[in-house]
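Engineer:
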Amino acid sequence: MSAGDRGKLPSHVAFIMDGNGRWAKKRMLPRKMGHRQGVKALERVVDACAERGIGMVTFYAFSTENWARPQEEIDALFDMVAEFADTRMTEYVRRGFRVMFMGELSALPDKTKDAIARISAAAKDNTGMIVNIALNYGGRDEILRAVRTVVGSGVKDVDEQTLSDCMYTAGLPDPDVIVRSSGEKRLSNFMLWQAAYSEFVFMDDMWPDFGAEQVDAVLKEYASRDRRYGSVKRIG
């Protein structure tokens, strides 16, 4: 990434981590091996974003729809999340990162809930880069949850800020750019409210192959975009 590209950095990059299973199948490996390599890719991407000065990264790790997958795969995924929380995320906390999780976490296995609760508590006062993991997360579910919260509060005069304040991401910046790996070109119920003015970057690389090279490609593409938020660019 050139010096010029560094002048226009996004404050928040969100990643839809897609292609772990296909990456494994192509190599005649079990799907859980694809997920394990996907965790390593997440580590590389976090490090690359931290080195480049990105303020917040969000990763779509497990959706509300992913419960339809085979139980063996689900169990392996949540074991990896617990392991990741107890190892690499502990390092993130030491580095001053603010580690967060969003989604309906009460439905997760106890081992996973306990691990992420420990990390969240340890990182709550950190002020460094925000590493946000979406687990058992769905964009429509999040909006419904926010609406129910507003209705339950009795507030009558509801505006966008009122609803935003009831989202998992309350007080945090919306993603400037949302990246999806593996060549797919859809949001898959990810951050539907927050994505209103996000840029989108779709990459053919499978998620386990992601690292600094892909991060730099995303940042270069983002720097080339003209974000007008519905207005007309003034000339002169």
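Numbering-wise (our numbering), the sequence shown opens with residue 1 and increments by one.
Where a beta carbon is used, it is the ideal one built from N, C-alpha and C, also for glycine.
1) Indicate whether S106 and M56 have their beta-carbon atoms separated by less than 8 Å.
2) What separation, rounded to the nearest whole angstrom, lies between the Cα atoms of L9 and G53?
3) Find the nearest neighbour of E65 within the set F101, N136, I143, judged by alpha-carbon distance.
4) So, with DSSP's three-state summary, where would you put Y60?
5) Measuring CA to CA, which of C166, M203, S198 is closest to S182?
6) Do you know how far the Cα of A217 is from the Cα of R225?
7) With 8 Å set as the bound, which would you pick, yes or no: does the beta-carbon of L163 sit closer than that to a beta-carbon of chain E?
8) For the candidate residues V155, M206, M102, whose alpha-carbon lies nearest to that of A170?
9) Contact between the region 143–155 and the region 107–115: three or more CB pairs below 8 Å?
10) Tell me whether the beta-carbon of A41 lies closer than 8 Å to the beta-carbon of G211.
11) Among R228, E184, K220, which has the Cα closest to the Cα of S237?
12) What runs of the alpha helix (DSSP H), each 4 residues or longer, lie entirely inside the region 36–100?
13) Along the chain, which unbroken stretches of the beta strand (DSSP E) at least 3 residues long are found entirely within the region 124–179?
14) Whole angstroms is fine: what's the gap from I74's alpha carbon to K156's?
15) Under 8 Å by Cβ, that's how I've got A14 and I178 pegged, so tell me the actual separation to the nearest angstrom.
16) Taking the alpha-carbon of T127 as reference, which of M100, Q37, W67, A195 has the nearest alpha-carbon?
17) Mapping DSSP to helix, strand and coil, what is M33?
18) For A123, does the count of other Cβ atoms within 10 angstroms reach 16, so buried, or fall short, so exposed?
19) Express the C-alpha separation of R180 and F200 in angstroms, rounding to a whole number.
20) Using alpha carbons as the reference points, say which of M129, A61, R36, D114 lies closest to N189.
Structural biologist: On the basis of the supplied data:
1) Going by C-beta atoms, S106 is not nearer than 8 Å to M56.
2) Each residue's Cα considered, the two are about 8 Å apart.
3) Relative to the Cα of E65, the nearest Cα in the group F101, N136, I143 belongs to N136.
4) Here Y60 sits in strand by DSSP.
5) Considering only alpha carbons, the answer is M203.
6) Cα to Cα, the separation comes out at about 13 Å.
7) Among the protein chains of the structure shown there is no chain E, as only one such chain exists.
8) Put simply, of V155, M206, M102 the residue whose alpha carbon is nearest the alpha carbon of A170 is M102.
9) The region 143–155 is not in contact with the region 107–115.
10) By the CB criterion at 8 Å, A41 and G211 fall inside the cutoff.
11) Residue 237 lies beyond the stretch modelled for the chain, which goes from 1 to 236, so this question has no answer here.
12) The region 36–100 contains these whole alpha helix (DSSP H) runs: 71–86, 88–94.
13) Listed in chain order, they are 130–137.
14) I74 and K156: Cα-Cα distance of roughly 41 Å.
15) For a cut-off of 8 Å, the C-beta gap from A14 to I178 is around 5 Å, short enough to register as a contact.
16) For the residues M100, Q37, W67, A195, the minimum Cα distance to T127 belongs to M100.
17) Collapsing the DSSP output to three states places M33 in a helix.
18) With 16 or more other Cβ atoms inside 10 Å of its own Cβ, A123 counts as buried.
19) Using only the alpha carbons, I get a separation of about 8 Å.
20) The option with the nearest alpha carbon to N189 is A61.
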